[in-house]
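In this note's numbering, the protein residues as written are 2 to 582. From the three backbone atoms N, C-alpha and C, an ideal C-beta is built for every residue, glycine too.
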């Protein structure tokens with residue numbers, strides 16, 4: 002625990018030095034008031050109810066952080082707990098600008114706390130972007146598709162009617178074709194299917210409102226969470242209901258049936274939002290992690306067909322635990338991590354805290370590390386993603402918060418989570434005094450060349466006089482510098498084991514996996530889905546020392562993330578890959 006004490010002493014002295022560099026609470030509220038498309042109400046002292054144009058409702062606590070009154074199950078901290086402090090108000094962005102360069106801009110967003118949806122639904126090998134379109138002089142338009150052309154420029158391709166928010170690209174009816182899931186203007190969940198194998202998903206098959214029309218659906222996620230080959234819809238109930246829900250698609254009735262609901266029992270419910278889904282305690286059962294406005298972190302675990310139980314409750318030392326992701330064993334101790342992002346004010350100082358959790362037993366978790374981003378508190382931006390950007394087998398963490406996009410790189414060791422900034426991009430419009438905010442970001446290999454692009458969604462609002470404003474919403478796309486490519490700097494050492502990243506990645510439907518072994522012996526290469534279920538055995542035999550490559554054919558598998566694992570004697574390594582049909 003001495004490391005924490007040293008870091009906190011450093012932080013206290015540092016905060017007093019840099020306090021004038023960040024926006025105060027009052028300045029942040031003035032900016033919020035200037036956003037005419039956002040409605041907010043102070044429902045009690047320091048508690049804001051914020052209603053966004055996409056229908057999302059969040060509660061934000063702008064008072065100084067105080068531990069929750071419901072802190073009856075305090076989060077345990079690992080004895081190896083490390084804390085990294087990064088001051089985003091004084092960081093020199095010029096040190097990182099050479100790593101990525103601006104590529105192009107598309108007039109699409111998915112509004113606050115979100116990013117564009119990306120796929121290749123029509124199977125033509127050209128990446129598609131899904132989002133709502135808005136130019137300065139025109140009203141907000143429905144969901145629109147921009148697709149890469151032969152010159153690798155995204156151009157207008159198709160526009161839907163009466164849908165304003167893109168949720169998921171997923172084969173929800175299990176017919177082997179990708180579907181799209183949108184939010185309709187009337188508040189209903191709309192699912193569109195394809196007319197044929199090479200078309201966009203433009204045929205409305207299901208329109209669904211859970212319970213009644215007053216129910217606000219936040220952060221919906223699709224997946225087979227109980228392993229029964231039926232798609233579940235996981236979502237948080239907005240508008241202060243403080244609950245999470247699981248519905249299952251019923252092929253006979255062509256709708257979704259409720260199978261599980263968990264009602265938060267905190268004294269101050271605020272809101273439920275954000276999800277991470279995997280087997281985090283390694284017991285073979287799917288775990289679902291979500292957070293609340295008071296900083297509580299909950300875990301619900303699948304217990305069988307349509308059966309789920311609430312199994313764990315912890316807290317982060319922050320409010321608004323709304324933003325989540327998970328990573329695949331960054332510190333290589335055999336345990337996956339889930340990340341929870343929250344933000345709050347501490348003595349008037351805004352800090353965003355990323356808390357890292359690992360299992361310490363069946364249905365039990367502990368905080369093993371934290372990254373404190375000093376100087377930021379967000380009313381608009383909030384996305385978190387784990388992705389192996391430099392292809393070294395270890396995930397990086399991409400964060401979009403307030404007017405900052407940054408990538409964190411692990412520089413610790415086993416059981417020691419320490420991080421440094423790999424890349425940072427600040428909102429240049431906002432820095433120049435313009436009314437502009439970030440919404441969110443996503444990293445994706447748009448050209449299918451093994452290099453992830455950065456897509457940052459944002460807006461620009463101008464005052465046209467008379468109390469009126471015009472808004473433009475768009476996404477800026479950045480290309481990596483060539484020196485970031487693993488193809489330019491990976492060196493093979495024949496004396497070591499090495500499992501390489503599959504290529505291409507994402508892939509459809511085949512990809513190649515290569516590895517090398519310095520010794521003779523039994524070698525096993527298997528593929529698993531994100532729930533830990535084995536989907537393919539590619540190699541299981543005795544092999545001589547040497548380099549090998551196999552092709553993985555995922556024709557019969559649905560789109561999504563998969564994990565492949567090489568085992569040879571005491572050596573084991575895993576990597577993630579993405580199937581995008």
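Check your understanding: When DSSP labels each residue in this structure, what does residue 99 get in the three-state scheme?
Key -> helix
Checklist line | Extent of the continuous beta strand (DSSP E) to which residue 133 belongs | finding: 129 to 134
Q.
When you compare the segment 284 to 297 with the segment 52 to 62, are there three or more beta-carbon pairs, one atom per stretch, that lie closer than 8 Å?
A. yes
Query - Cβ-Cβ separation, residue 335 to residue 366 (assumed contact under 8 Å), whole Å - result: Actually they do not touch by this definition, with Cβ atoms about 15 Å apart.
> In this structure, what does DSSP give as the bridge partners for residue 544?
Replying inline: 522
* Asked: Considering only residues of the same chain and omitting the five flanking positions on each side of residue 531, which have a CB-CB separation below 6 Å?
  -> Closer than 6 Å at the Cβ level, and outside the excluded window around residue 531, lie 279, 562.
ask   = How about residue 183 and residue 167: are their beta carbons less than 7 Å apart?
value = yes
Runs of 3 residues minimum, wholly inside the segment 363 to 397: which ones carry the beta strand (DSSP E) assignment? When DSSP assignments are scanned along the segment 363 to 397, the uninterrupted stretches of beta strand (DSSP E) that are 3 or more residues long and fall wholly within it turn out to be 365 to 375, 383 to 388.
| message | Rounding to the nearest angstrom, what Cα-Cα distance links residue 423 and residue 53 in this structure? | response | Cα to Cα, the separation comes out at about 32 Å.
Worksheet item: Is the beta carbon of residue 97 less than 7 Å from the beta carbon of residue 398?
Response: Taking 7 Å as the Cβ cut-off, residue 97 and residue 398 do not qualify as a contacting pair.
- Task: Please report how far the alpha carbon of residue 411 lies from the alpha carbon of residue 360, in whole angstroms.
- Result: The alpha-carbon separation between residue 411 and residue 360 amounts to approximately 19 Å.
*asked:* For residue 234 and residue 225, I'd like the C-alpha separation in whole angstroms.
replied: 9 Å
* According to the neighbour-count rule (16 or more other Cβ atoms, all chains shown, within 10 Å of its Cβ), is residue 42 buried or exposed? -> exposed
query = Considering only residues of the same chain and omitting the five flanking positions on each side of residue 419, which have a CB-CB separation below 7 Å?
reply = Counting only residues of its own chain and dropping the five nearest sequence neighbours on each side, residue 419 has a CB closer than 7 Å to the CB of 83, 85, 412, 413.
Residue 287 classed as buried or exposed, judged by whether at least 16 other C-beta atoms fall within 10 angstroms: buried
Kindly confirm or deny that the segment 513 to 532 and the segment 546 to 564 touch, where touching means at least three C-beta pairs closer than 8 Å. yes
- Grab me the residues of residue 428's own chain with a C-beta within less than 8 Å of its C-beta, minus the 5 sequence neighbours each way, in chain order. 404, 405, 437, 438, 439, 459
- Going by CA-CA distance only, name the one from 103, 51, 138 that's closest to residue 463. 138
Please report the distance separating the alpha-carbon of residue 174 from that of residue 261.
20 Å
Would you identify the three-state DSSP class for residue 37, choosing helix, strand or coil? coil
Self-check item: Where the alpha helix (DSSP H) through residue 431 begins and ends
Solution: 429 to 432
- request: Kindly list the residues whose CB is nearer than 6 Å to the CB of residue 575, restricted to its own chain and excluding five residues on each side of it in sequence; keep chain order.
  value: 564, 566
Reduced DSSP secondary structure (H/G/I, E/B, other) of residue 565: strand
Proximity winner among 387, 33, 92, relative to residue 329 (alpha-carbon distances): Looking only at 387, 33, 92, the smallest Cα-Cα distance to residue 329 is reached by 387.
Cut-off 6 Å between Cβ atoms - residues of its own chain near residue 380, not counting five sequence neighbours on either side = 33
Do residue 117 and residue 1 have their beta-carbon atoms positioned less than 7 Å apart in this structure? Summary: the structure shown does not reach residue 1, with the chain confined to residues 2 through 582, and so no result is reported for it.
For residue 218, which option in 229, 245, 357 has the closest C-alpha, if you only look at C-alpha atoms?
245
Where are the beta strand (DSSP E) runs, 3 residues long or more, that stay fully inside the segment 177 to 232, in chain order? 180 to 185, 190 to 195, 202 to 209, 218 to 224
Problem set entry | Assigned secondary structure, residue 118 (DSSP; H/G/I helix, E/B strand, else coil) | strand
*Alpha carbon to alpha carbon, how far is residue 421 from residue 115? Give it in angstroms, no decimals.*
24 Å
**Study point:** When 122, 520, 535 are compared against residue 569, the one with the closest alpha-carbon
**Key:** Each of 122, 520, 535 was checked against the Cα of residue 569, and the nearest Cα belongs to 520.
Report task. Please go through the same chain and pick out, in chain order, the residues whose beta-carbon is closer than 6 Å to the beta-carbon of residue 161, but skip the five residues on each side of it. Result -> 143, 144
C-alpha gap between residue 207 and residue 303, whole angstroms:
26 Å
Practice item. On the DSSP bridge assignment, give the partners of residue 348 in chain order. Key: In the DSSP output, where bridge partners are listed per residue, residue 348 has none listed.
* Asked: Which full runs of the beta strand (DSSP E) of 3+ residues lie inside the segment 282 to 306, going along the chain?
  -> For secondary structure counted as the beta strand (DSSP E) over 3 or more consecutive residues, the segment 282 to 306 holds these complete runs in sequence order: 288 to 293, 297 to 305.
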